[in-house]
Amino acid sequence: MRKALYSALLLVLLLCGYAGAQEFKGHVKLLNNLFVPYPDTLVWFTDQTLENRLEVKWDAASWLRLEVQARNRFIYGDFVENIPNYSSLIGSSNGFVDLSFLWAEGRSFVGHTEFDRLFARVSYSRFELTLGRQRVNWGIDLVWNPNDIFNAFSYLNLEYPERPGTDAVTLKAYTGSLSYIEAVYQPNKTADSSAYGVRYRANIARTDFQVLVARMAGYYVLGGGLSSELGQFAIRSEVSYFNAQKSNEKSGLVATLSADRSMGSNSFVQLGALYNSFGSRGSHEPLSLIEPRAQSPMMLSRGKVNLFAGVNSTVATLFTPSLAILVNPADWSAAVIPSLNYSASDNLTLALTGMLFTGNRTDEYPNIGQLAYFKVQWNF
3 MRKALYSALL LVLLLCGYAG AQEFKGHVKL LNNLFVPYPD TLVWFTDQTL
53 ENRLEVKWDA ASWLRLEVQA RNRFIYGDFV ENIPNYSSLI GSSNGFVDLS
103 FLWAEGRSFV GHTEFDRLFA RVSYSRFELT LGRQRVNWGI DLVWNPNDIF
153 NAFSYLNLEY PERPGTDAVT LKAYTGSLSY IEAVYQPNKT ADSSAYGVRY
203 RANIARTDFQ VLVARMAGYY VLGGGLSSEL GQFAIRSEVS YFNAQKSNEK
253 SGLVATLSAD RSMGSNSFVQ LGALYNSFGS RGSHEPLSLI EPRAQSPMML
303 SRGKVNLFAG VNSTVATLFT PSLAILVNPA DWSAAVIPSL NYSASDNLTL
353 ALTGMLFTGN RTDEYPNIGQ LAYFKVQWNF
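Just so we're on the same page, our numbering is the position in the sequence shown counted from 1, plus 2.
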């Protein structure tokens, strides 16, 4: 494993040597977090995260692209010091090959690096073969993605817009200018825990649609999705049925429906709903604010129904206030996420974001405390 890590680091250095002729970008981000736990509001916790992301793309030939992306974080403060095994919460990898490692760890600090993209893509005629750590994006909806079999993701993980990758082999065959067939194999430690699937995507009558069949650990999956226009709104929907392979496991349906609209060049509004037959009405597992993750596309919510509303607008071309609300109507708990972004320059952004919870202890969004953070991000 150490040899694989060193090989990945060497590849990064080699590609950076070609930065003058190839695509090289990234960002440096500083997050200052403040957490006020409930009910003990007299004790506040703070920590800081310094994050650097590097993205390198190299077209080695007309038919070959190599891509490497690494996420480097140094975290220090009260969270690290007071939460047992904090490094395991951010240092775990669900890939077939472990491409993450801790390079610093102490009583109140931890340093972590993860390669979430490391792949080669070969293109020939209408075919495209991708090998390695990649983002397999089968989602259509902007909040929940039950079609995203290989890369389930939590909306609450606000500071990871690139989203995690997975170790996979992907073969895509273009059948037309707006249609293709894609086959994916995602290996795991055992054959039973490996996943594979086939998706067909096309555009008919200005509507993007897809159908898929797949197998993931313990389940066969049949799904589909679409994205279309209805008046001035964009309509998006995904549906997946998970058929359990074992008689003692539950089969079920996860579905989303959303509508969003751009109001001029400055505003965007979105409404959405999720139905999850695997959800429950109470006694939910504790909600993690350290590294929010979706366990699988079957557990995008803890409740059976979730509603979403979001709006953002740009004021005077520099300020962008936004508000997002996730609600479970069964217990009326909610996660309220207000944010204010300021564009200081073309590549420098400042933001103030809150994450507020309203529910009781057994609700989906329990009031375990309120979180706020200030972000400074420089893109290069």
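Where a beta carbon is used, it is the ideal one built from N, C-alpha and C, also for glycine.
Predicted, not measured: the structure shown is a model, and the values here were computed from it.
Start and end residues, beta strand (DSSP E) containing residue i
{"i": "Val271", "result": "269-278"}
{"i": "Val223", "result": "221-232"}
{"i": "Phe155", "result": "From DSSP, Phe155 is part of no beta strand (DSSP E); its letter is neither H nor E."}
{"i": "Ala204", "result": "197-206"}
{"i": "Thr316", "result": "First-last for Thr316: undefined, no H or E at that position."}
{"i": "Ala246", "result": "235-246"}
{"i": "Asp262", "result": "254-265"}
{"i": "Glu25", "result": "25-39"}
{"i": "Ser2", "result": "This structure cannot speak to residue 2, because the chain is shown only from 3 to 382."}
{"i": "Tyr344", "result": "335-347"}
{"i": "Lys191", "result": "Careful: Lys191 lies outside any beta strand (DSSP E) and carries neither H nor E."}
{"i": "Gln372", "result": "371-381"}
{"i": "Ser324", "result": "321-330"}
{"i": "Glu107", "result": "102-107"}
{"i": "Phe47", "result": "47-63"}
{"i": "Lys174", "result": "168-178"}
{"i": "Phe211", "result": "209-218"}
{"i": "Gly356", "result": "350-359"}
Assigned exposure category for residue i - 16 Cβ within 10 Å defines buried
{"i": "Glu53", "result": "buried"}
{"i": "Pro299", "result": "buried"}
{"i": "Thr355", "result": "buried"}
{"i": "Val186", "result": "buried"}
{"i": "Ile292", "result": "exposed"}
{"i": "Glu366", "result": "buried"}
{"i": "Lys248", "result": "exposed"}
{"i": "Thr364", "result": "exposed"}
{"i": "Val82", "result": "buried"}
{"i": "Phe129", "result": "exposed"}
{"i": "Tyr138", "result": "Before going further, note that residue 138 is Val rather than Tyr in the sequence given. Buried, by the Cβ-count rule."}
{"i": "Phe152", "result": "buried"}
{"i": "Arg109", "result": "exposed"}
{"i": "Val70", "result": "buried"}
{"i": "Leu68", "result": "buried"}
{"i": "Gly134", "result": "buried"}
{"i": "Thr48", "result": "exposed"}
{"i": "Glu240", "result": "buried"}
{"i": "Ala23", "result": "Any reading at Ala23 must be qualified, since the residue scores a pLDDT of 46, below 50, and its modelled position is unreliable; no value is offered."}
{"i": "Phe382", "result": "exposed"}
{"i": "Gln234", "result": "exposed"}
{"i": "Pro166", "result": "buried"}
{"i": "Tyr375", "result": "buried"}
{"i": "Asp150", "result": "buried"}
{"i": "Pro1", "result": "Lying outside 3 to 382, the shown extent of the chain, residue 1 is not represented and no answer is given."}
{"i": "Leu101", "result": "buried"}
For residue i, the nearest candidate out of the options (CA to CA)
{"i": "Asn362", "options": "Arg283, Val313, Thr316", "result": "Arg283"}
{"i": "Arg180", "options": "Asn205, Asn381, Tyr243, Ala326", "result": "The question names Arg, but residue 180 in the sequence shown is Leu. For Leu180, the nearest C-alpha among the options comes from Asn205."}
{"i": "Gly227", "options": "Gly233, Lys248, Gly220, Ala257", "result": "Ala257"}
{"i": "Glu57", "options": "Ser64, Tyr221, Glu164, Ala207", "result": "Glu164"}
{"i": "Ala318", "options": "Tyr344, Pro340, Arg295, Ala326", "result": "Tyr344"}
{"i": "Val200", "options": "Leu173, Ala207, Thr192", "result": "Leu173"}
{"i": "Pro294", "options": "Ala246, Thr43, Val215, Ser156", "result": "Ser156"}
{"i": "Leu104", "options": "Ser89, Ser110, Phe117, Asp118", "result": "Ser89"}
{"i": "Ala353", "options": "Leu325, Ala337, Thr115", "result": "Leu325"}
{"i": "Val99", "options": "Arg109, Lys27, Phe117", "result": "Phe117"}
{"i": "Tyr182", "options": "Leu214, Gln24, Tyr40, Phe152", "result": "Leu214"}
{"i": "Asp333", "options": "Gln188, Lys377, Ile339, Phe359", "result": "Phe359"}
{"i": "Ser229", "options": "Phe129, Tyr202, Tyr243, Thr209", "result": "Thr209"}
{"i": "Glu397", "options": "Trp146, Ala219, Trp140", "result": "Look at the range of the chain in this structure, 3 to 382, and you will see that residue 397 is not part of it."}
{"i": "Phe121", "options": "Trp146, His114, Asp61", "result": "Asp61"}
{"i": "Glu161", "options": "Gln188, Leu32, Ser347", "result": "Leu32"}
{"i": "Gly97", "options": "Pro189, Leu68, His114", "result": "Pro189"}
{"i": "Asp262", "options": "Ser253, Lys252, Leu232", "result": "Leu232"}
{"i": "Thr43", "options": "Gly371, Ala197, Asn381", "result": "Gly371"}
{"i": "Asn159", "options": "Lys27, Asn149, Val145, Thr168", "result": "Val145"}
{"i": "Lys59", "options": "Lys27, Ser267, His114", "result": "Lys27"}
{"i": "Trp65", "options": "Gly167, Val124, Thr192", "result": "Val124"}
{"i": "Arg304", "options": "Arg55, Ala337, Leu131", "result": "Ala337"}
{"i": "Ala236", "options": "Leu255, Thr316, Thr168, Phe270", "result": "Phe270"}
{"i": "Ile203", "options": "Leu328, Ala219, Asn314, Thr177", "result": "First, the residue type needs correcting, since residue 203 is Arg and not Ile in the sequence shown. Of the candidates Leu328, Ala219, Asn314, Thr177, the one whose C-alpha sits nearest the C-alpha of Arg203 is Thr177."}
N-terminal and C-terminal residue of the alpha helix (DSSP H) that residue i is part of
{"i": "Glu83", "result": "80-84"}
Distance between beta carbons of residue j and residue i, contact taken as under 8 Å
{"i": "Arg238", "j": "Ser260", "result": "5 Å"}
{"i": "Leu373", "j": "Asn35", "result": "7 Å"}
{"i": "Ala1", "j": "Gln212", "result": "Here the chain comprises residues numbered 3 to 382, so residue 1 is not present and cannot be evaluated."}
{"i": "Gly274", "j": "Asp143", "result": "7 Å"}
{"i": "Tyr222", "j": "Asn245", "result": "5 Å"}
{"i": "Asn369", "j": "Tyr78", "result": "Not confirmed; about 27 Å, so no contact."}
{"i": "Pro331", "j": "Leu302", "result": "Pro331 to Leu302, Cβ: 16 Å. No contact."}
{"i": "Ala428", "j": "Tyr243", "result": "Given a span of 3 to 382 for the chain in the structure shown, any question on residue 428 remains unanswerable."}
is_contact[residue i, chain B] using C-beta, thresh 9 Å
{"i": "Tyr222", "result": "Among the chains in the structure shown there is no chain B, since it carries only a single protein chain."}
* Asked: What are the complete beta strand (DSSP E) segments, minimum 3 residues, inside the region 120-153?
  -> 129-136
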